[in-house]
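J.: Structure in structure tokens, see below.
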């Protein structure tokens, strides 16, 4: 059964710092991997989606990498800002049109 | 940009009452899903729906839950007799299908059972 874990569970950094959030999944046979942002009490905002054949995706200050063989993904946030404070969720899909399996999230706090 | 729309954004209901959560998926999508997130916990899969029938459901999705696509645009989740532990954020998602798989999520309905 696929399990998604995220390390660390919480992270507090000063503004301007570059940071890395980690995601691991137990079964490397995935179809895609997605990173979401969730503000407290709010919905899910999709940040980046990486297809299984891709190694990375970039959007602005965000870069997500995927290493399927080792079951890992990282989300790199450059020059962090207080507005980046949120919970970041990693999620995988195992086959096309299958359910999304979420990790528990990393709660990020960027201190001004 | 097309989006998944959920209504209401927040619903408060008495324990034992029936609730219906509504979703309008993206119009040309074929696959529909419900997820829930209890406060402070993971987002969990409830059910997937394709071609007017349930394609997969989790152990959470017991006889108290049902889903329906009553017309060409709405997708609903019904909870027959709500319990306190049903209090959660419920997310609807839709997916275009095999050639362009990406789940698009609605902004959620916060259900509070009192």
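Residue numbers (the numbering used here), protein chains in the order written: chain A, 1 to 112; chain B, 1001 to 1114. For every residue, glycine included, the Cβ atom is placed at its ideal position computed from N, Cα and C.
State the start and end residues of the unbroken beta strand (DSSP E) segment that holds residue 31(A).
T.: That residue, residue 31(A), is in no beta strand (DSSP E); it is neither H nor E in DSSP.
J.: To the nearest angstrom, how far is it from the Cα of residue 69(A) to the Cα of residue 1114(B)?
T.: Each residue's alpha carbon lies about 47 Å from the other.
J.: Exposed or buried, what is residue 1077(B) when buried is set at 16 or more other beta-carbons lying within 10 Å of its beta-carbon?
T.: Classification for residue 1077(B): buried.
J.: Classify residue 1039(B) as helix, strand or coil using the three-state DSSP reduction.
T.: Looking at residue 1039(B) - three-state DSSP - the assignment turns out to be coil, as it is neither helix nor strand.
J.: Using a C-beta cutoff of 8 Å, does residue 104(A) count as contacting chain B?
T.: Residue 104(A) counts as touching chain B.
J.: One question on the structure: do residue 1095(B) and residue 1031(B) come within less than 8 Å of each other, judged by their Cβ atoms?
T.: In this structure, residue 1031(B) lies closer than 8 Å to residue 1095(B) by Cβ.
J.: I want to know whether the region 20-31 of chain A touches the region 1007-1019 of chain B - three or more CB-CB distances under 8 Å.
T.: No: fewer than three Cβ pairs fall under 8 Å.
J.: If you draw a straight line from the C-alpha of residue 18(A) to the C-alpha of residue 81(A), how long is it?
T.: Rounded to whole angstroms, residue 18(A) to residue 81(A) spans 10 Å at the Cα level.
J.: Can you check the region 1045-1072 of chain B for any beta strand (DSSP E) of at least 3 residues that lies completely inside it and give the ranges in chain order?
T.: Taking only runs of at least 3 residues, the beta strand (DSSP E) segments lying wholly in the region 1045-1072 of chain B are 1053-1057 and 1065-1068.
J.: Rounded to the nearest angstrom, how far is the Cβ of residue 51(A) from that of residue 32(A), given a contact under 8 Å?
T.: Right, the Cβ-Cβ distance comes to about 5 Å (below 8 Å), so this counts as a contact.
J.: I believe residue 1023(B) touches residue 1047(B) by the beta-carbon criterion, under 8 Å. Please report the beta-carbon distance rounded to the nearest angstrom.
T.: With a Cβ gap of about 12 Å, residue 1023(B) and residue 1047(B) do not count as contacting.
J.: By Cβ distance below 7 Å, which residues in the same chain neighbour residue 71(A) in space, the five residues on each side in sequence not counted?
T.: Contacts found: 24, 25, 26 and 28.
J.: Output, in chain order, the set of chain A residues within a Cβ distance shorter than 7 Å of residue 1101(B).
T.: Under the 7 Å cutoff, chain A gives 31, 32, 93, 96 and 97.
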